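Under our numbering, the first residue of the sequence shown is numbered 9, with each subsequent residue one higher.
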Amino acid sequence: GGPLFATAEQARPLQPAAERTGLDVDELAALLEEGGAFEAHFPGHEHRPQQVAMLRGVARAFNQGGHLLVEAPTGVGKSLAYLIPAVYWAVQNGERVIASTNTINLQEQLYRKDLPDLASVLPFEFRAAVLKGRSHYLCPARLQALRRRGANSPDEARVLAKVLVWLPETANGDGDELFLPNLVERALWRQLSADHEGCDPERCRRFREGTCYFYNARRAAESAHLVIVNHALLLADVAVQNRALPEYKYLIVDEAHHLEAATTNGLSFEADRTSMRRLLSEVGKVGPSGRVTGLLAEVIGRCQKAHLPRDVMEQVELFIGKIGLAAGRATRELGLFFDRLEEFVEEQKEGRRSQYSFRPRITSGLRVQPAWETVEIAWDETNAPLTAIVDGLERLAGGLDDLTDFDAPDADELQAQVLGLARRLGEARGQVSQMITQPSQSLIYWLESNPHNDHLGLHAAPLHVGPLVEEHLFHKKEAVVLTSATLRTGSTFDFLRERLNAWDADELAVGSPFDYENSTLVYLVNDVPEPGQPGYQRAVEQGMAALFRATQGRALALFTSYSQLRATLRAIRAPLAQAGVTVQAQGEGISRARLLEDFRTGERRVLLGTRSFWEGVDVPGESLSCLAIARLPFSVPSDPIFAARAETFEQPFFEYAVPGTILRFLQGFGRLIRTRTDRGIVAVFDKRLLTKSYGHLFIDSLPDPTVRRGSLALLPRAAAEWLSD
Numbered sequence: 009g010g011p012l013f014a015t016a017e018q019a020r021p022l023q024p025a026a027e028r029t030g031l032d033v034d035e036l037a038a039l040l041e042e043g044g045a046f047e048a049h050f051p052g053h054e055h056r057p058q059q060v061a062m063l064r065g066v067a068r069a070f071n072q073g074g075h076l077l078v079e080a081p082t083g084v085g086k087s088l089a090y091l092i093p094a095v096y097w098a099v100q101n102g103e104r105v106i107a108s109t110n111t112i113n114l115q116e117q118l119y120r121k122d123l124p125d126l127a128s129v130l131p132f133e134f135r136a137a138v139l140k141g142r143s144h145y146l147c148p149a150r151l152q153a154l155r156r157r158g159a160n161s162p163d164e165a166r167v168l169a170k171v172l173v174w175l176p177e178t179a180n181g182d183g184d185e186l187f188l189p190n191l192v193e194r195a196l197w198r199q200l201s202a203d204h205e206g207c208d209p210e211r212c213r214r215f216r217e218g219t220c221y222f223y224n225a226r227r228a229a230e231s232a233h234l235v236i237v238n239h240a241l242l243l244a245d246v247a248v249q250n251r252a253l254p255e256y257k258y259l260i261v262d263e264a265h266h267l268e269a270a271t272t273n274g275l276s277f278e279a280d281r282t283s284m285r286r287l288l289s290e291v292g293k294v295g296p297s298g299r300v301t302g303l304l305a306e307v308i309g310r311c312q313k314a315h316l317p318r319d320v321m322e323q324v325e326l327f328i329g330k331i332g333l334a335a336g337r338a339t340r341e342l343g344l345f346f347d348r349l350e351e352f353v354e355e356q357k358e359g360r361r362s363q364y365s366f367r368p369r370i371t372s373g374l375r376v377q378p379a380w381e382t383v384e385i386a387w388d389e390t391n392a393p394l395t396a397i398v399d400g401l402e403r404l405a406g407g408l409d410d411l412t413d414f415d416a417p418d419a420d421e422l423q424a425q426v427l428g429l430a431r432r433l434g435e436a437r438g439q440v441s442q443m444i445t446q447p448s449q450s451l452i453y454w455l456e457s458n459p460h461n462d463h464l465g466l467h468a469a470p471l472h473v474g475p476l477v478e479e480h481l482f483h484k485k486e487a488v489v490l491t492s493a494t495l496r497t498g499s500t501f502d503f504l505r506e507r508l509n510a511w512d513a514d515e516l517a518v519g520s521p522f523d524y525e526n527s528t529l530v531y532l533v534n535d536v537p538e539p540g541q542p543g544y545q546r547a548v549e550q551g552m553a554a555l556f557r558a559t560q561g562r563a564l565a566l567f568t569s570y571s572q573l574r575a576t577l578r579a580i581r582a583p584l585a586q587a588g589v590t591v592q593a594q595g596e597g598i599s600r601a602r603l604l605e606d607f608r609t610g611e612r613r614v615l616l617g618t619r620s621f622w623e624g625v626d627v628p629g630e631s632l633s634c635l636a637i638a639r640l641p642f643s644v645p646s647d648p649i650f651a652a653r654a655e656t657f658e659q660p661f662f663e664y665a666v667p668g669t670i671l672r673f674l675q676g677f678g679r680l681i682r683t684r685t686d687r688g689i690v691a692v693f694d695k696r697l698l699t700k701s702y703g704h705l706f707i708d709s710l711p712d713p714t715v716r717r718g719s720l721a722l723l724p725r726a727a728a729e730w731l732s733d
């Protein structure tokens, strides 16, 4: 069951008011002021001038039309500061507002906590809905088709069993409720999801009966005042003209420092041997004995049941025979194509062996090598039969139109399946073809080979996201508000403006309600070797062990690489256990949520984490009193997307690498102080903050904590004294 306010299914779609009425900014601000409705309703509610300042800024942007960047640090209560104006605006003007987040966690928090809180205070009703991309929802028609056909593999059987057990329990068919731990299961889920254009609501019984999960979610969104989505959906929606989102003119983007990366992911493409092979086996083929498999077999079976006239039947069989032969040929050629690609990758490696995946970018320099030419030739041989299959499937779907005259059961759904498969295969073929033979200047291409599972993938991603954001969001919407706890580097929004083409937006930095000078000690260790120098890792291990003993656990340690985390874990776990301190780490088969729960509720705990723990960890109070940062979170220079974007700058290190790293560093720093009464110490084991010319930029970006430079030996005592004050 969702929150009380959100029974949007039965409601009518929103109707815009004849003319817009502006928000009464003072009236809205009064809700949060001292003696206001929130204080009356929630006795613990603190009046925060920063929250009111942000609310006023957002309300003004809605009233005047225009875009706004708002940096609102931890503790401001930014979600209420934008939800209040958004809900008032939507209800008053009959115009929906979209709120976009980067993480499912924040979506859940908005929908299950903040909006119900707001609903209990406001004097009027409003409707809210969460809408996800099509691939998140189960398609009942595709499930039915799979049950009819039966599972082709143990993996399929397992996923099917999971789905059937879950089906009676789910209200909205959202696959995120299912536990699908591996890539194979997730790929199979996609085949059951509503993510396909063979989807033709006009012809679908489920749509007419109102049992299609995606369209039900979409209908709820049509009638909701506030629709919560995620970043990937925002621009994927525009790029593919998918129109998953209902029309909107007002947008709030929370966790906006992720908009570029999320959009990049949403618009990237990946193909590998397994996924392409799976598409072909879905089509099916004709064996030596004339036995047909896959969707082709289903079409034949369905035609036989329809008792078609013989000449029509012969035509269908002829068609299917041709497609089946092409599929057999495509499968063989595809195998050879990936063999050639693997040889090409081996040649690029030049004998380097590594436990990490190898990700060469396909640049114009690589494309002139002889080994690449053999890849191109192998692709031409694969491309021809693939084109024939797509073409054949489209014509077959056209031919199935006649079946409806002959009363074949579910002919519409069969036709939709054929079209959907033609589209997916055509899309994959087109993307690979472009990558191999007609690369676009606006895309980044790379190969990824993973030594652990012999996996070789082809990848493409957009080089620049900014122009898309500008064209589809800033130019088309009345008001776009971008907000996050970290949008500035140094004291300017310039880096974000440059990445997102947000040159015309107003800006507002509301400042922190916390007193960092008295609550937070940042201790910069000045006598450890720099990362990568001999003795550095040893210093980190000894320093962390002594520090966590002194703080009695209560510490989160952040790493930038999984291998460093593992080495540190091995070195400190036993000595700390003797001191009664328990060390847990990411990557030991325990979910992130469970690790955080143990850390929050346990005594004397230390938690080691990498990338995902630099953000979104919220542990107020004494359980988290010490934050240890092993090294500055620079991007890996060999990352293909990072490398390609860096090349577009005159001074890539200072203009691109450093500002991005400062934002990640600030996110990490923000894990420590979550309430006004929190107190803590941050220890940084990366001496580059003190020795490099860019070091001061990191320190200057912090919210004025007490900063000390000192030796590794004196760190434990400094920490213990700071925490006992």
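Ideal Cβ positions, reconstructed from N, Cα and C, are used throughout, including at glycine.
The model shown is predicted, which means the values in this text are computed figures rather than measured ones.
- Within its own chain, the residues whose Cβ lies closer than 6 Å to the Cβ of ALA396, once the five positions on either side in sequence are excluded, are ALA334, listed in chain order.
- Boundaries of the alpha helix (DSSP H) harbouring CYS311: 302 to 313, taken from the DSSP string.
- A distance below 8 Å between beta-carbons, with the five flanking residues on each side excluded, links ARG505 to the following residues of its chain, in chain order: LEU77, TRP511 and ALA513.
- When secondary structure is reduced to three states using DSSP, HIS233 falls in the coil class, being assigned neither helix nor strand.
- By the Cβ rule, the segment 230 to 239 counts as touching the segment 103 to 114, because three or more pairs are nearer than 8 Å.
- DSSP places GLY678 outside both helix and strand once states are collapsed to three, so it counts as coil.
- One alpha carbon belongs to LEU640, the other to TYR453, and they sit about 28 Å apart.
- When rounded, the separation of the alpha-carbon atoms in SER289 and ILE689 is 57 Å.
- By the neighbour-count criterion, in which 16 or more other beta carbons inside 10 Å mark a residue as buried, SER108 falls on the buried side.
- Scanning ASP262, LEU196 and ALA38 for the CA closest to the CA of ASN113 turns up ASP262.
- Taking all protein chains shown into account, ASP694 has 16 or more neighbouring C-beta atoms within 10 Å of its C-beta and is therefore buried.
- Between the segment 651 to 658 and the segment 595 to 604, the count of Cβ pairs shorter than 8 Å is below three; the stretches do not touch.
- By the criterion of a C-beta distance shorter than 6 Å, ASP208 is surrounded in its chain by ALA424, once the five residues flanking it on both sides are discounted.
- Looking at the DSSP output, GLY44 shares a beta bridge with no other residue.
- Cβ-Cβ separation between LEU635 and LEU680: approximately 5 Å, consistent with a contact (criterion under 8 Å).
- For VAL518, there is no enclosing alpha helix (DSSP H), since its DSSP letter is neither H nor E.
- If one requires a minimum length of 4 residues, the alpha helix (DSSP H) runs lying completely within the segment 168 to 239 are 191 to 200, 213 to 217 and 221 to 230, in chain order.
- Assignment of ALA487 by DSSP, reduced to helix, strand and coil, places it in the strand class.
- Beta-bridge annotation (DSSP): TRP454 is paired with ARG369 and HIS467.
- If you draw a 10 Å sphere on the C-beta of HIS483, you find fewer than 16 other C-beta atoms in it, and that means exposed.
- According to the DSSP assignment, ILE112 belongs to the alpha helix (DSSP H) that extends over 112 to 117.
- Across the set GLY298, CYS212 and HIS265, the C-alpha of HIS265 shows the shortest separation from the C-alpha of PRO667.
- In this structure, the beta-carbon distance from ALA252 to GLY428 does not fall below 8 Å.
- Excluding its 5 nearest sequence neighbours in each direction, GLN545 has C-beta neighbours in its own chain below 8 Å: GLN572, ALA575 and THR576, listed in chain order.
- Taking each of THR683, GLY74, GLN152 and LEU241 in turn and checking the Cα distance to SER143, the smallest one comes out for LEU241.
- At the C-beta level, GLN115 and GLY85 stay beyond 8 Å of one another.
- For VAL625, the three-state secondary structure derived from DSSP is coil.
- A residue is called buried when at least 16 other Cβ atoms come within 10 angstroms of its Cβ; PRO648 meets this threshold and is buried.
- Fewer than three pairs of CB atoms, one per stretch, sit closer than 8 Å, so the segment 299 to 316 makes no contact with the segment 374 to 383.
- The Cβ atoms of PRO393 and ARG348 do not sit closer than 8 Å to each other.
- In this structure, DSSP gives LEU349 a helical state, which the three-state scheme calls helix.
- In the DSSP assignment, LEU615 is bridged to LEU564 and GLN592.
- Look at ASP733 here: in three-state DSSP terms it is coil, with no helix or strand label.
- Here the alpha carbon of PRO628 sits roughly 17 Å from the alpha carbon of GLN560.
- Secondary structure in the segment 86 to 165: the alpha helix (DSSP H) runs of 4 residues or longer, each lying completely within the stretch, are 86 to 101, 112 to 117, 123 to 129 and 148 to 157 in chain order.
- Of the candidates ARG360, VAL353, ALA386 and GLU193, VAL353 places its Cα closest to the Cα of ILE370.
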